[in-house]
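Let me begin by presenting the structure, written as structure tokens, before commenting on it.
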Amino acid sequence: MSEFLVIVESPAKAKTIERYLGKKYKVKASMGHIRDLPRSQMGVDVEKEYEPKYITIRGKGPVLKELKTAAKKAKKIYLAADPDREGEAIAWHLANSLQVDVDSDCRVVFNEITKDAIKESFKHPRPINMDLVDSQQARRVLDRLVGYNISPLLWKKVKKGLSAGRVQSVAVRLIIDREHEIKAFVPEEYWSIEGSFAKGKTSFEAAFYGLKDKKLELHSEAEVQNVKKQLNGNKFTVEKVTKKERKRNPAVPFTTSSLQQEAARKLNFRAKKTMMLAQQLYEGIDLGKKEGTVGLITYMRTDSTRISEVAQTEAHEYITSNYGTEYTKEQNRKEKKNANAQDAHEAVRPTSTHREPNSLKEHLSRDQLRLYKLIWERFIASQMAPAVMDTMSVDLRNGDVKFRATGSKIKFPGFMKVYVESTDDAVEEQNKQLPDLKEGDEVINKDIDPKQHFTQPPPRYTEARLVKTLEELGIGRPSTFAPTLDTIQKRGYVALDNKRFVPTELGEIVLELILEFFPEILDVDFTAHMEQNLDNIEAGQINWVKVIDSFYKIFEQSLDKAEKEMQSVEIKDEPAGEDCEECGNPMVFKMGRYGKFMACSNFPDCRNTKAIVKEIGVKCPKCAEGNIIERKSKKRRIFYGCDRFPECDFISWDKPLQRPCPKCDNMLVEKKLKKGVQVQCVECDYKEEPQS
């Protein structure tokens, strides 16, 4: 019989941990939370200091029964849920259900699922941290009070199936406010002048800087012509040469937020997918007989960039061995800490530096490997020496007209040998060398090229940009970003267009109503302050009931006003431009869980629905009778198929083109690349130049 019972959240984790602990330990999984607030009612007693009413989650009865049976046989029970607020709450619920004393040394936490980390954690069990539990409980109660009071109002006044929440409402507001900025944006004209210069046989580029030693911005073609008039011939003198050495430091290891952002930019992963894959890497992957199942990364819900001394030492040994001592980072360089960070545990990093991505190819899926490689490279680079850049700036003068050329070259690659962080604007360090110029040298201007530009509106939010903004504003926490983005799309408040968020009519209507009657819910500073209060509860600095009470007293007044004054809003269906083939009434566009579809306006008497068909103007190459239409898979991925399906089963993930291959007369398709598209033949080797 096992002497000790250990309860974790997932079966994958249970299997790994049981192998590390040995025969005296039985490890079982709770499958997440076993208790929660009821779905059918508020579940919070406002009159009794917001006392939550917890019930066993539907379907968890057999799991709880199995855990109780195992608990009766064990000498001691250890609760080893995840090392965060949510995990602490799960441990507390288990303790209550299994009659474990919360003040006993029953709680075990670890940041990584490796043999050494697990064994060490069981040497230091502790009581359940009730401050952490209260913080999670406060968030749960707060969200329930908001959601279960505002949502029924929206159901009644707008349409069924709507919801409102603190963090999701602010996220929708950010997206809608940005859309309003874009619509109100007035472009401003400006000009640049690029010049092509030569020193002997060497050519280089320089840009107009200013007149009479003053920097000058050009706003019209007339100003450009004025500059050109002041040029005297095509000879320029090198007036000033500035050479500098610049250091570029590596990016710090990943937090949850930065991992989601970088995975979106480099791997094209949605936040939800990134977290799902990271969970799998954390809980353990079977690496075969030699190592068995092992966790490959540390806990993926963190806002800290801190790294343990053991991990730093291992990384430095690896870097020295593989790249040389000059590539190892100085030990005393301090990292900048995020003001909003709780710093509860380490950054996201590989559990072992020596598990190189290439060595794991046969054990990981393609996407698991891509994410692990990203985490591994980011961590290794973070522990490497800065890159050193030689920069050069040259001022060229012709009369009063000054041009400036800048160049740089990598003197020492440092961390850039392994990894370079991407940005939303995809600006990366480039080698752009200038000829060896000295003050007084004469260069020849070969060409002057004025270009007209217009200022651009602020960009729409990508998932990465929105996560970054929410984090900077202190809205939500690492565990909330992915589900928040998922929820606002499922509710139909926003949609993704070319990987950027755009608000829907429904989102605009709901936001307007919440802004009118519940302005505090949409106030960015208020929401950030509430997050800070939840952190203060966790730190034991404030009572959770007081935090909820101070919010609810104001919220209740807004709720009473909304109940009396909120007007019903009718969202009219958009005509589809065709009639129902079953009853003859007009078809309309409806918004469903998976996007827009067509339905009969005579619903519920007629329940005819059909998908929106988007023809691309290409005949089916297989049957030659049907037309190719755009379709979507269950995972919302676009593909192309024949409209005569199932009679004709032609499908293609790449978009077919109307023109045939000039080489073999077969079908041409547009193949999506990381940057742009490429036209190529499905049969022969014909390819055209990629287009961005």
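The numbers in the UniProt record's numbering rise by one with no breaks, and the one at position 116 of the sequence shown is 116.
Think of the CB as a built atom: it goes at the ideal place given N, C-alpha and C, for glycine as much as any other residue.
Within the stretch 9–43, note down every full alpha helix (DSSP H) run reaching 4 residues or more, in order along the chain.
-> 11–21
Residue 357 - DSSP class collapsed to helix/strand/coil | helix
What does DSSP give as the partner residues of residue 640 in its beta bridges?
-> 630 and 652
Taking three-plus beta-carbon pairs below 8 Å as touching, is the stretch 437–446 in contact with the stretch 163–180?
-> no
Can you tell me whether residue 617 is buried or exposed, with buried defined as 16 or more other CB within 10 angstroms of its CB?
-> exposed
Within 8 Å, strictly: CB atoms of residue 19 and residue 407 = no
Using a threshold of 8 Å, state whether the C-beta atoms of residue 493 and residue 172 are closer than that.
-> yes
Neighbour-count burial assignment, residue 612, 16 or more Cβ in a 10 Å radius | exposed
Under a Cβ-count criterion, where at least 16 other Cβ atoms within 10 Å of its own Cβ denotes burial, should residue 146 be classed as buried or exposed?
-> buried
Indicate, with yes or no, if the ligand SAH has a heavy atom lying under 7 Å from the CB of residue 26.
-> Within the structure as shown, the ligand SAH is missing, as the structure has no ligands at all.
Residue closest to residue 574, alpha-carbon to alpha-carbon, out of 600, 630 and 74 | 600
Comparing alpha-carbon positions, which option in 116, 620, 159 and 104 lies nearest residue 127?
-> 104
How would you write the range of the alpha helix (DSSP H) that residue 183 sits in, first residue to last?
-> 166–184
Looking at the unbroken beta strand (DSSP E) that takes in residue 372, where does it start and where does it end?
-> Careful: residue 372 lies outside any beta strand (DSSP E), inside the alpha helix (DSSP H) at 366–382.
Measuring CA to CA, which of 351, 238, 29 and 481 is closest to residue 113?
-> 351
How is residue 187 classed by DSSP in three states: helix, strand or coil?
-> coil
With DSSP collapsed to three states, give me the class of residue 110.
-> coil
DSSP puts residue 78 in a beta bridge; with which residues?
-> 6
Answer yes or no: do residue 7 and residue 77 have a C-beta to C-beta separation smaller than 8 Å?
-> yes
Candidates 470, 265 and 155: which alpha carbon is nearest residue 499's?
-> 265
How would you label residue 571, buried or exposed, when you count the other beta carbons within 10 angstroms and need 16 or more for buried?
-> exposed
What first and last residue would you give for the alpha helix (DSSP H) that runs through residue 209?
-> Taken as a continuous stretch (DSSP letters only), residue 209 belongs to no alpha helix (DSSP H), being part of the beta strand (DSSP E) at 202–211.
Contact the stretch 453–460 vs the stretch 163–172: 3+ CB pairs below 8 Å = no
Residues near residue 369 by beta carbon distance below 7 Å, same chain, minus five either side = 357, 360 and 361
When DSSP builds the beta bridges, which residues end up paired with residue 393?
-> 242 and 406
Would you report the Cα separation of residue 536 and residue 527, rounded to the nearest angstrom?
-> 14 Å
Counting pairs of Cβ atoms below 8 Å between the stretch 380–387 and the stretch 245–252, do you hit three or more?
-> yes
Give me whichever residues DSSP pairs with residue 445 in a beta bridge.
-> 197
Of all the options 246, 656 and 301, which has the alpha carbon lying nearest to the alpha carbon of residue 682?
-> 656
Along the alpha helix (DSSP H) that carries residue 71, what are the first and last residues, could you check?
-> 61–73
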